[in-house]
Amino acid sequence: MTKQFWINLPVNDVAKSKEFFTKLGFTCSTKHGGFAELTIGDNNVQVMLFPESTFMNFTSNEIIDTKKSTEVLFSIDAESREEVDNMAKTAEDAGGTIFGKPGESQGWMYGCVFADLDGHRWNVLYMDMDKMPKA
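Converting from the sequence shown to the working numbering requires adding 326 to each position, the first position being numbered 1.
Below, the structure written as structure tokens:
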């Protein structure tokens, strides 16, 4: 049975990406050398930030142009609307791009969507479970 799960992402500049995610409040280390290890959430999901050349050696494929295509949407939870607003501002101040401004969705969710320095898209979402529609 699988014991761990981690995500690998190509980045243009590991040091700049590490700085970006650290500004957002994530734990980010480079203890293993030429890549950075980003830790997210209580379950300690690992996102490995690899230089594009290293990433391409793993996949034997070209890396998509994130200005034209989206390969994945990473969703992370927030504890409040204010946390969503703060994350959006911090992401933008750190050099990210907001393409989904903070706002309400379906009457029970509040979120925003931003792109990191390499165009990978991140969704920050507060869910008010008391307002969630019943099945």
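Just so you know, even glycine gets a beta-carbon here, dropped at the ideal spot from N, CA and C.
Just to confirm my understanding: we take residue 349, look at its own chain, exclude 5 residues before and 5 after, and list those with CB closer than 7 Å. What are they? Same-chain partners within the cutoff: 416 and 420.
Would the region 428 to 444 count as touching the region 356 to 369 if we require 3 or more Cβ pairs under 8 Å? no
Answer yes or no: do residue 439 and residue 404 have a C-beta to C-beta separation smaller than 8 Å? Going by C-beta atoms, residue 439 is not nearer than 8 Å to residue 404.
According to DSSP, simplified to helix, strand and coil, what is residue 380? helix
In this structure, does DSSP put residue 427 in helix, strand or coil? strand
Since residue 443 and residue 422 should fall inside the 8 Å C-beta cutoff, what is the C-beta to C-beta distance between them, to a whole number of angstroms? 7 Å
Any idea what DSSP makes of residue 412, helix, strand or coil? helix
Let me make sure I understand the geometry here. Which of 461, 460, 368 and 335 has the alpha-carbon closest to that of residue 392? 335
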